[in-house]
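Report on the structure given below.
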Amino acid sequence: MDFFDSDCLCDYTIKKKSLSDIFFPTHSRAPIPRHSNAYNDFWNFLQKLQRVIRSKCDQGTSRLLGCSENRSSGCE
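Under numbering that gives the first Met the number 0, think of the first position of the sequence shown as 0, with each following residue one higher.
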């Protein structure tokens, strides 16, 4: 099974609530509380990372694992 950089390209904001439930729990001892600066920084970082990967794949200069020819923009 091959993994390409472009496989990471999907709109995670559509799944933000589900991902937040998994990675940012609401209990009082959560490592990163929701709606904190760190929480917002994570989502901003993810958007920037996806823009960089998308740009590299579009330019054909991806240096990580390559880009799939038949990438889709949706999450599986």
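Backbone N, C-alpha and C define an ideal beta-carbon position, used for all residues, glycine too.
For the putative contact between residue i and residue j, defined by C-beta atoms under 8 Å, what is the C-beta separation to the nearest angstrom?
i     : j     : result
Pro38 : Pro30 : The sequence given here places Tyr at residue 38; Pro does not occur at that position. With 8 Å as the limit, Tyr38 and Pro30 do not qualify as a contact, their Cβ atoms being about 10 Å apart.
Return the CA-CA distance between residue i and residue j, expressed in angstroms with no decimal places.
i     : j     : result
Leu48 : His26 : 28 Å
Ser54 : Ser19 : 26 Å
Asp57 : Cys9  : 15 Å
Val51 : Phe44 : 11 Å
Tyr11 : Pro24 : 17 Å
Which residue wins for smallest C-alpha separation from residue i, given the options the options?
i     : options             : result
Phe41 : Phe22, Arg28, Gly59 : Phe22
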